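In full-length UniProt numbering, the protein residues as written are 1 to 172.
Everything on this sheet refers to the single structure shown next.
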């Protein structure tokens, strides 16, 4: 189901993505919460789908939950691996998702201002204060740049047509 959610988001069908996950339990003690990457992915893609369907209030709520979880799991992970000097790929992945979540949260907050958790607000202003202020002032290029940073990569369901000579055409 999570793979289907991701596929629908990558294809750009956000309503279908939300429909395929509507019977999925998002409880804190749910099935997918035992795997941090899964938990983060589910919340990120559901929040992004809400954002793209212009349900900014729900998107903000889900991005906030996701960001708090990333903060918590990162702190736990750092405490467990204090003696481990080599940077871990999971920790890097958490940081990448945290950046994506925060930038998309900033976009949603500029469109629909709302009160958010103080720790997230502090983190958002520490990392993206200039960017946030430019978006509030209405800089469209800043919105575009930040959307490209925070959004998942999209795929096209259409076949690519190459013009000119190619090895695959010559073999036919």
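Every residue gets a Cβ at the ideal spot worked out from N, C-alpha and C, and that includes glycine.
What you are looking at is a predicted structure, and each value in this text was computed from that prediction instead of being measured.
Residue of the options minimising C-alpha distance to residue i
i           : options          : result
residue 95  : 10, 66, 143, 133 : 66
residue 147 : 51, 34, 155      : 51
residue 10  : 27, 29, 1, 45    : 45
residue 153 : 123, 7, 70       : 7
residue 142 : 114, 103, 76     : 103
Below-8 Å beta-carbon distance, residue i vs any chain D residue
i          : result
residue 26 : In the structure shown, chain D does not exist; there is a single protein chain.
As assigned by DSSP and simplified to three states, the class of residue i
i           : result
residue 151 : coil
residue 55  : coil
residue 36  : helix
residue 97  : helix
residue 170 : Residue confidence is low: residue 170 scores 47 on pLDDT, short of 50, so the model does not pin down where it sits. Its coordinate-derived value is still stated next. Looking at residue 170 - three-state DSSP - the assignment turns out to be helix.
residue 88  : coil
Boundaries of the alpha helix (DSSP H) in which residue i is found, first to last residue
i           : result
residue 21  : Looking at the DSSP string, residue 21 is not in any alpha helix (DSSP H), and its letter there is neither H nor E.
residue 135 : 118 to 136
Query raised in the report: Do the region 11 to 22 and the region 34 to 41 make contact, defined as three or more Cβ pairs closer than 8 Å?
Result: no
Query raised in the report: Are the region 105 to 116 and the region 44 to 64 in contact at 8 Å, needing three or more beta carbon pairs?
Result: yes
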